[in-house]
């Protein structure tokens, strides 16, 4: 029996500690999470998850997983979102018809609409389609699209945690049944995925999204695209003595990494405001990703998934069998899960002495032989 087989045998005979699941934001790249959740379900880990959370597209998947549906049904719900419709621009605006006809209706109308929104609402694209999709999706599971975090908990869903950036107050905020029970989940999701300057900035008055009052919010990635820390507080480790480093080993996170073989070193063209903002956000996210390498405890509880050199805003990727990019992302997710658990070693338990921990490790080695 080879080494890989021994490791796999050991892991199937052990109980993984994970009860919390965190997803990094990533836009289109989050299609890779479809492969991840399949891998987690295959290993029986998804069934033991009690809390889910994340940012942006990661938060959206977390919300779907909170419904406690089967994996394939959850993926099917996610795939009803048509990413090509997310960057919304009007096909016509209130301009003289002679001017529209002279310069080309669609192009000029879209540019004028985007510029007008950028100046008035601080974002080039509207979020109408995305918000309607969120309301519809939540309504199908709860009966009404404006269901709150408290409603989710009352219905027995997994506890859901969503991060978004309060731009007005320069801080990251967490939306959950604990902190914001009466806030609509759809509102929190919209705030979490609103890329600054790319999408119109939503305003939130403390109760709901409002057109003309409240603080301005944006994508959680501005400050933390990968909130792996969400459950490190002792209250999420009931019955256990937290380790001195305050890391909750019951939390499993999933994030994207850029492979080193991307064309032109991952360089992407900038030829309009949308591509500029996309590159700006990806620069922020890459900087945060590099910081994680200085935090080995976080890396130990992180599944790293290749983004296959795909841009977070490549909205032409579709979840179809014939879409090679989609299939490549899904396969990357499945590969990442297999790699993580083939190399997984349990942390030192907080409730045992160092001697007990060493003894358990020796016993595991003896069993393998």
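Numbering (our numbering), first residue to last: 848 to 1216. Built from N, CA and C at the ideal position, the CB exists for glycine as well.
Under 7 Å between C-beta atoms of residue 1156 and residue 1176: no
Rounded separation between residue 1115 and residue 1128 - CA only: 13 Å
Sequence-distant residues of the same chain with beta carbon closer than 7 Å to residue 888, five excluded per side: 918
Residue 1153 in three-state terms, based on DSSP: strand
Local Cβ density within 10 Å of residue 1137, reported as buried at 16 or more and exposed below that: exposed
Alpha helix (DSSP H) segment containing residue 885, residue limits: 879-889
Under the three-state DSSP convention, the category residue 1052 falls into: coil
Residue burial classification, residue 949 (beta-carbon count within 10 angstroms, cutoff 16): With a pLDDT of 38 at residue 949, under the threshold of 50, the modelled position of this residue cannot be trusted; read the value that follows with caution. Answer is exposed; the Cβ neighbour count stays below 16.
Alpha helix (DSSP H) segment containing residue 1012, residue limits: First-last for residue 1012: 1006-1013, but that is the beta strand (DSSP E), not the alpha helix (DSSP H).
Where residue 867 falls, given that 16 or more other Cβ within 10 Å makes a residue buried: buried
Close-in-space but distant-in-sequence residues of the same chain around residue 1117 (CB under 7 Å, 5 per side omitted): 1123 and 1126
Residue ranges of each alpha helix (DSSP H) within the region 1112-1139, 4 or longer: 1120-1139
Alpha-carbon spacing of residue 1047 relative to residue 971, whole angstroms: 6 Å
Reduced DSSP secondary structure (H/G/I, E/B, other) of residue 1210: helix
Backbone secondary structure at residue 902 - three-state DSSP: strand
Cβ distance (whole Å) where residue 930 is taken to contact residue 869 below 8 Å: In fact, because the Cβ distance is near 22 Å, the residues do not count as touching under 8 Å.
Which residues DSSP lists as bridging residue 1063, in chain order: 1050
Buried or exposed by the 16-neighbour rule on C-beta atoms within 10 Å, applied to residue 1148: buried
Residue burial classification, residue 991 (beta-carbon count within 10 angstroms, cutoff 16): exposed
Beta-ladder partner(s) of residue 1020, from DSSP: 1011
C-alpha distance - residue 1029 paired with residue 865, whole-angstrom precision: 28 Å
Residue interval of the beta strand (DSSP E) (run including residue 1176): From DSSP, residue 1176 is part of no beta strand (DSSP E) but of the alpha helix (DSSP H) over 1171-1189.
7 Å CB neighbourhood of residue 988 in its chain, flanking five on each side removed: 914
Contact under 7 Å by Cβ, residue 879 with residue 1164: no
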